[in-house]
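2 protein chains.
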Amino acid sequence: MSEGGTRRRAGLVGTGLIGGSVGLALRRAGWHVTAADSDEASLEQALDLGVADRAGVDHDAEITFVAVPVGAAPEVARLALNDGGVVTDVGSVKAPVVRAVDSPRFVGGHPMAGSEATGLDGARADLFDGAVWVLTPVTDTEPEAHALVHGVVRSLGADVVSLDPVDHDRLVAMVSHVPHLTAAALMGLAADRARADAAVLRLAAGGFRDMTRIAAGDPGIWLDICDDNRDAILGVLDDLLESLQGVRGLVASGDRTGLLDRLRDAQRARRGLPVGAGVPDRLAEVRVAIPDRPGELSAVTTLATGLDVNVLDVEVAHEAGAPRGVLILVVASDRAEEFAAALSSSGRSASVHPL
Amino acid sequence: MSEGGTRRRAGLVGTGLIGGSVGLALRRAGWHVTAADSDEASLEQALDLGVADRAGVDHDAEITFVAVPVGAAPEVARLALNDGGVVTDVGSVKAPVVRAVDSPRFVGGHPMAGSEATGLDGARADLFDGAVWVLTPVTDTEPEAHALVHGVVRSLGADVVSLDPVDHDRLVAMVSHVPHLTAAALMGLAADRARADAAVLRLAAGGFRDMTRIAAGDPGIWLDICDDNRDAILGVLDDLLESLQGVRGLVASGDRTGLLDRLRDAQRARRGLPVGAGVPDRLAEVRVAIPDRPGELSAVTTLATGLDVNVLDVEVAHEAGAPRGVLILVVASDRAEEFAAALSSSGRSASVHPL
């Protein structure tokens with residue numbers, strides 16, 4: 071197949087909001103994209119919008135993005151893995167998918183971007199610019215597959231955060247799934263009250279609109295998420311119920327000091343929320359010798375996430391004729407020494423090279 | 071005093087975010103503003119920013135805006151009422167203030183505008199453009215005082231919603247106070263978790279940012295609000311706890327149908343949120359004869375709120391030599407007949423006159 075010429079070739083399965091945006095962003099970055107979707111009409115619309123170069127399955131794709139609902143992702147990923155390329159997905163829950171696919175050429179992924187828009191109409195080539203995109207490599211993941219996905223995702227504009235799949239699921243229950251359920255609960259209560267007094271919705275100012283915006287999203291995807299991430303969601307819901315019971319107690323007893331402490335903590339945390347890592351002015355390479363054990367790249371990138379070090383690029387350099395090699399990670403130069411020191415304390419040989 | 075020339079004269083007590091914005095908006099509308107603030111430095115800054123024409127107390131002010139914390143509002147309002155003008159406030163809780171002030175020349179008010187910015191730095195002349203501004207006249211409120219405040223608030227760019235003070239407090243607990251406490255609880259949980267895993271805050275995408283934005287606001291004002299609106303807040307918190315327990319049950323049991331119903335209801339309600347009334351193309355006057363009983367204007371405007379009819383202007387026209395008069399309410403012409411019909415069914419004599 072000469073199709074695509076010298077362009078690198080990617081596959082895409084699923085052309086909704088995220089899949090469509092992945093296709094647009096890949097093509098913006100110069101890739102030849104072949105897309106499939108079980109919904110013929112959606113696929114046709116995707117082609118019209120420029121999401122892909124052609125419809126079908128590219129058996130020679132270097133990388134395939136699986137952008138179908140979480141419940142269907144393992145099956146679709148396994149099919150794509152029958153060809154020789156690397157496969158990644160974009161689902162909101164990672165542990166069950168990574169466990170079910172169980173392949174060294176599969177790297178779980180989760181772009182933390184979206185909007186209250188749903189479906190292909192909301193797709194944009196710049197949806198991932200500056201967004202966080204989580205990758206969840208595990209011990210058995212091939213370092214080359216991991217490095218490839220890392221590089222491609224970076225080229226789509228996103229910042230990569232590497233996490234263990236189970237940790238990912240706990241954290242997104244906290245910052246995404248439970249907030250969504252809470253927004254829906256608040257909106258539902260207000261709607262109930264509006265049946266008795268229409269004025270309640272006219273009083274809904276900016277704060278309420280902000281808080282309930284995500285409740286305008288497609289309810290369908292949340293059913294899979296609640297199934298697949300049930301335990302983590304229940305754990306965080308219990309924490310939230312306990313916290314709100316605590317707030318209720320402070321309000322009921324008129325404990326101004328206790329309430330002020332809680333609100334101040336929240337204010338401080340909200341004002342300190344990071345606003346996208348951006349690209350630092352000066353970069354450095356941190357080189358790490360790969361010892362003779364699996365899972366080294368996933369361990370190193372996860373360590374970076376724990377230190378809040380943004381890994382801009384990953385490369386796996388093999389020495390000629392040797393099974394060992396060197397991992398090259400590009401980070402901001404002002405974080406490089408700290409990162410290398412942490413790698414050294416964990417028993418790895420690491421060095422810093424300014425770029 | 072010739073100060074202010076032919077400009078109408080307003081007083082302002084309190085020059086924070088809302089007070090400062092009221093001053094800027096009043097001056098934009100052509101008023102001469104005299105401002106006071108217990109904090110000398112804040113007052114000086116307010117004058118520098120053009121919030122007022124001069125510092126002090128204008129004993130001849132036609133209207134005085136009390137923009138101090140809810141706890142101090144009744145005391146300040148009573149002082150201002152010692153002069154002969156009309157007084158209104160801007161606090162987030164109305165029933166205790168209206169009860170404590172208890173004057174026919176006081177009209178409780180609550181502009182539903184704000185931002186996560188706090189203090190004078192966030193003040194803007196256009197803060198109220200298109201925002202809802204609740205007025206809470208009661209039976210004893212002088213119709214002329216009510217009509218004056220209505221007209222001035224409209225001239226600052228806001229849409230007026232008239233509500234009974236107790237109803238107001240219940241509704242804002244629903245759309246403002248409890249959402250704020252919930253945002254703080256969510257942000258606090260995420261901050262706790264971030265102490266163990268810094269990545270959680272990097273994962274906080276748009277939805278979480280939207281939901282917790284209001285938690286960045288000044289915690290101080292919420293202590294008064296929680297004191298003054300305790301019962302309504304506790305009632306709504308209990309409703310929210312019950313609703314979240316219900317959601318927890320649906321997730322735990324994997325009840326996809328039940329969950330979908332809830333999420334769909336919330337989605338429908340969120341998408342149906344009104345987005346500001348705007349100014350309709352065609353207007354009509356609805357004229358209502360004032361019978362010989364007090365509280366008629368507050369009853370009529372509250373009736374309009376219940377019908378979701380936006381009252382753009384209110385005038386009280388007295389017939390020469392007669393104790394009775396006519397209320398003139400300006401509304402969108404396509405709602406005028408419905409409004410007049412509702413007034414007629416409530417035993418009032420009402421007529422519609424296109425403008």
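Protein sequence lines, in the order shown, are assigned to chains A and Y.
Its first residue numbered 71, the first sequence is counted upward by one per residue in this note's numbering.
Its first residue numbered 71, the second sequence is counted upward by one per residue in this note's numbering.
Idealized CB from N, CA, C, for every residue including glycine.
When beta bridges are read from the DSSP output, H247 of chain Y appears opposite no residue. Checking the DSSP bridge columns, you'll see A359 of chain A partnered with A:V396. Annotation: V386 of chain Y to L119 of chain A spans about 59 Å, alpha carbon to alpha carbon. Contact between the region 372-385 of chain A and the region 264-274 of chain Y is present, with at least three C-beta pairs closer than 8 Å.
Per DSSP, the beta bridge partners of E385 of chain A are A:I398. Within chain A, not a single residue places a beta-carbon under 8 Å from that of V92 of chain Y; the smallest gap is close to 16 Å. Those residues of the region 242-254 of chain Y placed with their C-beta closer than 8 Å to a C-beta in chain A are V242, M244, V245, S246, V248, P249, H250, L251, T252, A253, A254, ordered along the chain. Put simply, the CB of R326 of chain Y is near chain A, with a gap under 8 Å to one of its CB atoms.
Ranking Y:L367, Y:R98, Y:A412 by CA distance to the CA of L205 of chain Y puts Y:L367 first. For the pair L259 of chain A and A286 of chain A, the Cα-to-Cα distance works out to about 15 Å. Listed along chain Y, the residues sitting closer than 8 Å to G258 of chain A by beta-carbon distance are S313, R332, D335, A336, A339.
Comparing alpha carbon positions, the residue from A:A253, A:V356, A:F278 closest to L425 of chain A is A:V356. Nearest in C-alpha terms to V231 of chain A, of all of A:D196, A:R77, A:H180, is A:H180.
Burial is judged here by how many other beta carbons sit within 10 angstroms of a residue's own beta carbon; D109 of chain A has fewer than 16 and is exposed. Nearest neighbour of V219 of chain A by Cα position, chosen from A:V136, A:A105, A:A268, turns out to be A:V136.
Chain Y places a beta carbon closer than 8 Å to that of W292 of chain A, counting this residue as a contact. For the pair L87 of chain Y and A193 of chain Y, the CB atoms are nearer than the 8 Å cut-off. The beta carbon of L113 of chain A sits closer than 8 Å to the beta carbons of T85, A105, A106, D107, A125 from its chain, once the five residues preceding and following it are set aside; these are given in chain order. Taking a beta-carbon distance threshold of 8 Å, P361 of chain A does not count as an interface residue toward chain Y. In this structure, I360 of chain Y keeps its C-beta atom at 8 Å or more from the C-beta atom of V321 of chain Y. Assignment of beta-bridge partners to R124 of chain A by DSSP yields A:T104. Contact of F278 of chain Y with chain A by beta-carbon distance below 7 Å involves V245, S246, P249. For R283 of chain Y, a Cβ of chain A is located within less than 8 Å of the residue's own Cβ.
Residues of the region 352-380 of chain A with a C-beta less than 8 Å from any C-beta of chain Y: T375, G376, L377, D378, listed in chain order.
By alpha-carbon distance to A412 of chain A, the top candidate from A:D383, A:V401, A:V370, A:M244 is A:V370. Under the 10 Å beta carbon count, Q337 of chain Y is surrounded by 16 or more other beta carbons and is classified as buried. The beta-carbon of I398 of chain Y is placed no less than 8 Å from the nearest beta-carbon of chain A. Within the same chain, Cβ atoms closer than 7 Å to the Cβ of E212 of chain Y are found at P174, R175, the five residues on either side in sequence being excluded. Each residue's CA atom was taken as its position, placing D172 of chain A and V156 of chain A some 13 Å apart. At a cut-off of 8 Å between C-beta atoms, A269 of chain A counts as an interface residue with respect to chain Y. At a cut-off of 8 Å between beta-carbon atoms, P139 of chain Y makes no contact with chain A. Using a 10 angstroms sphere on the CB of T209 of chain A, the tally of other CB atoms stays under 16, which defines it as exposed. When 7 Å is used as the limit between beta carbons, A302 of chain A is near no residue of chain Y, the shortest such separation being about 11 Å. Close to P289 of chain Y, with beta-carbon spacing below 7 Å, are these residues of chain A in chain order: L330, L333, R334, Q337. Inter-residue distance for D128 of chain A and I295 of chain A is about 29 Å (C-alpha atoms, whole angstroms).
Distance from the Cα of V223 of chain Y is smallest, within the candidate group Y:Q315, Y:R263, Y:I133, for Y:I133.
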